[in-house]
Amino acid sequence: MTDRAAQFFRKAELQALIDELRRRDYNVVGPSIDQEAIVYTELTSVEQLPRGWTDEQAPGSYRLVRRDDDAWFGYVVGPHSWKKYLFPPRTKLLTVQKTEQGWSFLPAVLENTKTAMLGVRACELAAIAVQDRVFLGGPYKDRDYESRRKSLFLIAVNCTQAASTCFCTSMNTGPRCKSGFDLALTEIESGFLCEIGSDAGWDVLSACELQTATAEDLNEAESQRQRAVEMIERQMRTDDLPQLLLDNLNHPNWKAVGERCLSCTNCTMVCPTCFCSSVSEVRDLTTDQIDRERTWDSCFNPEFSYLGGTPVRNDTSARYRQWLTHKLGSWHEQFGTSGCVGCGRCITWCPVGIDLTAEVAAMREAPAP
Amino acid sequence: MARGRKPRLAVFKFASCDGCQLSLLDAEDELLAVCDLIEIAHFAEASSDLQPGPYDVALVEGSITTEEDAQRILKIRSNSRYLMTIGACATAGGIQALRQWGQIEEWVSRVYPSPEFIHTLATSTPIAAHVLVDFELHGCPVNHHQLVDVLVALAEGRRPRLPTHSVCLDCKRRGTVCHVVSRGIPCLGPVTQSGCGAICPAFDRGCYGCFGPSQPAQTVPLLSRFQALGHTTDRLVPLLRNFNAAAPAFQQAADELSELHGEPS
Amino acid sequence: MTWIPPALAVNPWLTHTARIADIVSECDGIATYRLCLDTSDNASAYVFEPGQFNMLYVPGVGESAISMSGDAHEPDGWIHTVRVAGNVTRSLAQLECGQTLGVRGPFGTGWPIPQLVGKNVVVVAGGLGLAPLRPLVYHLVRHRSQFQNVSLIVGARTAAGLLYPTEYANWTQAGIDVQLTVDRATAGWNGNIGVVTALLDRLKLNQIERASVVTCGPEVMMKYVGMSAMQRGIPAEQIWVSMERNMQCAAGLCGHCQLGPAFICKDGPVLRYDRLQPYLFVESL
């Protein structure tokens, strides 16, 4: 399956791919410019792609900038992550109805959503694999996630550049897409090199006019991918992270970062693996129906750990510690991987630019006695 | 709340624009359902049939800006089992609390042709500065869904629970891109309590904090960041001195900025 | 590994209609409910392991995790002892016999009964903490000969707060050493005064290495029970506690109830003390 040779197609053929997926009832989603950023949205045309644009990222800062070429995928990851399609911000879990006999409870009807994601980066494939473990790998399955995941089609794109906030090489998740996709593209000047990751991928690709990739194409693709590797500056040592964090639960740096952190939840919301949620009662007073709705929530929300009248984690430093020690530490014991994929979103989208790699480094340099 | 009879509700107005009590009328269909649960005994915006107390619940809108009102709220308190304040005026003093940073006589003489008829205090204070308040509902105006939720909770004998997180969480749930990060716009969302559903950022502008400070409102690091982005005190102080100017976290932050950099004119 | 009902494994939100069959008032603000499912009156519908909990749901208000407090061998409904603490339990307390609510479960880990067999078993309960331990006590009574010495230490603020007082005589008769203590003596009390750990420290335990401790009560009490037991030479691997955290999904999917690497809902509530020890004493974790 994966040993099928890489194919080449011209850029315009990507439209044929989108059309074919839509013909097969997929909702095709991918990058597009909105609100001065590259976000993920429904795509019907390649014209919606951010061609000729790139992103400049730094802690607490994101800017769209014109490229000096017309690259279709010449940027990295933005404020949205694909989790909004697999684990939507709002999901109905249960409908409750009042009858003459009392309350009756009906499980929510699963939406039949076939989604095709176009432009998934290596760190994002890794994030989907992490959420697969969270929602499907344990004794209880999240049926909503499962149903969305089962009908997912993934077109990955290899990064050909990196942002200053990227550190996928430290987390061993990228920048090269190695598995977990149906198709994986590498953009070169004349078109796309396309690796085939599944039978479904090969099948859909029949809609495109394919050419055999030449040695020159393959070389150009390789050097483009290598360029991304070379651009990655940020690093985080991970070999002993869970133990380092466990040994430093009372480190003074938690208090220091707690004074800078806004507890605003942005890092957890943009994180492609964060999965915390809360359930609320949605009541329509004019009918006797109540919906139980699950919404994205965050360990930075003070009431998240509410117990017996007061939050367990009642200050910002305790909440930051929970997030970081979970993401980089206890996640390993829970799910067998790190919860971090090195996409750098939490660094870019923190309004005050808190950088988790720097916080870890601070503790590593001066461990608590 | 007592079982077997509907709790009696009264709505009272102090210095305010009426917007918060009107949001109860905005509830429309739901308001009719609320009336199945509670008896509206005194609500001048809705009916001229004003029944006397005592009341189970008093909803109080507006701030205290006159000596008469300072006396009137004491009577309302003693006539009500639960007292709930609604909106930025009642919970924080409202936009009219800006008077504390000026000279009241000068303002009155500029606004009114016959200032000698105006009797007002030099301050605009929240209801909680005068009487015990059982529950506060924030916002300018309040969110009518929250208001209905709170009334239903009271009718059913529950303590109302409202979200405490910042506006940012709502922005992210609706897919709004952060203006601070993508455009360097000063937005109070990270230090403002949720409740509006993050409306302003979705319409291309920063949050101006009308639901008041969140818990914790970490204004110091956020304002330093805004300053690093090039925003000066004369923009940031007015941002904080708005509908919730006198909410302690915003007031302190604005005062500290002014002291450090000189009062903006 | 705890057995998980297949229907819950594929949809942990699956909620059933339960009708309140009877309500027994225990003491101030605490009552025991018997809930019967509308769909089935078969005992097999109420299978659980002592120590597990259900999510009880009052529509329009929310859910609360409440442990089973009845006899797992003779289930004639879900038995829950509930204290009014928050909105859900307050609303629950307003319901009457015949009214309905939602139930999903059972969830969580049970007490480690196989590991207790052949051991001296010390059960330490504080206040409402006796509720999740009562199914275990019933088991110990029923299978008394499988265990060595069995002690039950029950503590409460005052004598009026001692849960299930009418059952102590039966348990004593069945060969369980029941010891009671209160924080504050009221008129008519001439028993022990003081914390449960004071009784634990004085407890006659021959063959410490064959002793196991199971405990449930306020978190601070359980910490000290663990410390006292270890000081007496009982290894952390033979101490189990039942933890409480904010549980929402009950299936390890929502993140609320984490304490270190443990999802208290799924990996607990009953957890071995050595697993919790690195985290239990860290403030605000």
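In order, the protein sequence lines correspond to chains B, E and L. Under the numbering used here, the first residue of the first sequence is numbered 72, with each subsequent residue one higher. Under the numbering used here, the first residue of the second sequence is numbered 388, with each subsequent residue one higher. Under the numbering used here, the first residue of the third sequence is numbered 17, with each subsequent residue one higher. Here a beta-carbon is modelled for each residue, glycine too, at the ideal position from N, C-alpha and C.
For Gln195 (chain L), the uninterrupted beta strand (DSSP E) segment begins and ends at Asp193 to Val198. Only residues of its own chain outside the window of five on either side were considered, and among them Ser450, Ser511, Thr512, Pro513 and Ala633 have a CB closer than 6 Å to the CB of Gly480 (chain E), listed in chain order. Any Cβ of chain L closer than 8 Å to the Cβ of Arg546 (chain E) would place that residue at the interface, and such an atom is present. Under a criterion of Cβ atoms nearer than 7 Å, the residues of chain B adjacent to Asp416 (chain E) are, in order, Thr357. For Thr240 (chain B), the enclosing alpha helix (DSSP H) has its first and last residue at Cys239 to Met242. In this chain, the beta strand (DSSP E) harbouring Gln168 (chain B) covers Arg161 to Thr170. Judged by DSSP secondary structure, Ser496 (chain E) falls within the alpha helix (DSSP H) whose first and last residues are Ile491 to Val498. At a cut-off of 8 Å between beta-carbon atoms, Val77 (chain L) makes contact with chain E. With respect to Thr184 (chain B), Val100 (chain B) sits apart: the two C-beta atoms are not nearer than 8 Å. When only Cα atoms are considered, Ala34 (chain L) and Arg50 (chain L) end up about 9 Å apart. The Cβ atoms of Phe79 (chain B) and Leu333 (chain B) lie no closer than 8 Å to each other. Identification of residues in the segment 104–116 of chain L having a C-beta nearer than 8 Å to some C-beta of chain E yields Arg106, Ser107 and Gln110, given in sequence order.
With fewer than 16 other CB atoms across the displayed protein chains lying within 10 angstroms of its CB, Gln297 (chain B) is exposed. In the DSSP assignment, Gln360 (chain B) falls outside any alpha helix (DSSP H) and lies within the beta strand (DSSP E) extending over Gln360 to Trp367. By the rule that beta-carbons nearer than 8 Å mark a contact, Trp94 (chain L) does not touch chain B.
For the segment 542–574 of chain E, the beta-carbon criterion of a distance under 9 Å to any beta-carbon of chain B is satisfied by Arg548, Pro550, Thr551, His552, Ser553, Val554, Cys555, Leu556, Cys558, Lys559, Arg560, Arg561, Gly562, Thr563, Val564, Cys565, His566, Val567, Val568, Ser569, Arg570, Gly571 and Cys574.
DSSP, read as helix, strand or coil, puts Val624 (chain E) in helix. Pro130 (chain L) and Glu65 (chain L) have their alpha carbons spaced roughly 12 Å apart.
Arg150 (chain L) is a Cβ neighbour of Tyr180 (chain L), given a cutoff of 8 Å. At a cut-off of 8 Å between beta-carbon atoms, Cys270 (chain L) makes contact with chain B. The beta carbon of Gly204 (chain L) lies closer than 8 Å to those of Ala175 in the same chain, with the five residues before and after it left out. With the rule of 3 Cβ pairs closer than 8 Å, the segment 380–398 of chain B does not count as touching the segment 205–219 of chain B.
For a Cβ distance threshold of 9 Å, residue set Gly271, His272 and Gln274 of chain L lies close to Cys370 (chain B), ordered along the chain. Here Tyr499 (chain E) is exposed, its C-beta having fewer than 16 other C-beta atoms within 10 Å.
In this chain, Trp29 (chain L) is not harboured by any beta strand (DSSP E), its DSSP state being neither H nor E. In terms of Cα proximity to Tyr97 (chain B), the closest of B:Glu113, B:Leu399 and B:Gly131 is B:Glu113. When rounded, the separation of the alpha-carbon atoms in Trp273 (chain B) and Ala429 (chain B) is 43 Å. DSSP places Cys265 (chain B) in the strand class (E or B) of the three-state scheme. Close CB contacts of Glu304 (chain B) within its chain, under the 7 Å cut and outside five residues either way in sequence, are with Ser235 (chain order). For Pro277 (chain L), the nearest CB of chain B lies under 8 Å from its own CB, placing it at the interface with that chain.
Contacts with chain B (Cβ-Cβ distance below 9 Å) from the segment 520–541 of chain E involve Val535, Asp536 and Val539, listed in chain order. Residue burial is scored here from C-beta neighbours: Gly584 (chain E) has fewer than 16 other C-beta atoms within 10 angstroms and is therefore classed as exposed. In the displayed model, His566 (chain E) falls within a helix according to three-state DSSP. The DSSP-derived three-state label of Gln162 (chain L) is helix. For Lys154 (chain B), the number of other beta carbons within 10 angstroms of its own is at least 16, and it is reported as buried. The continuous stretches of alpha helix (DSSP H) do not include Met84 (chain L), and DSSP gives it neither H nor E.
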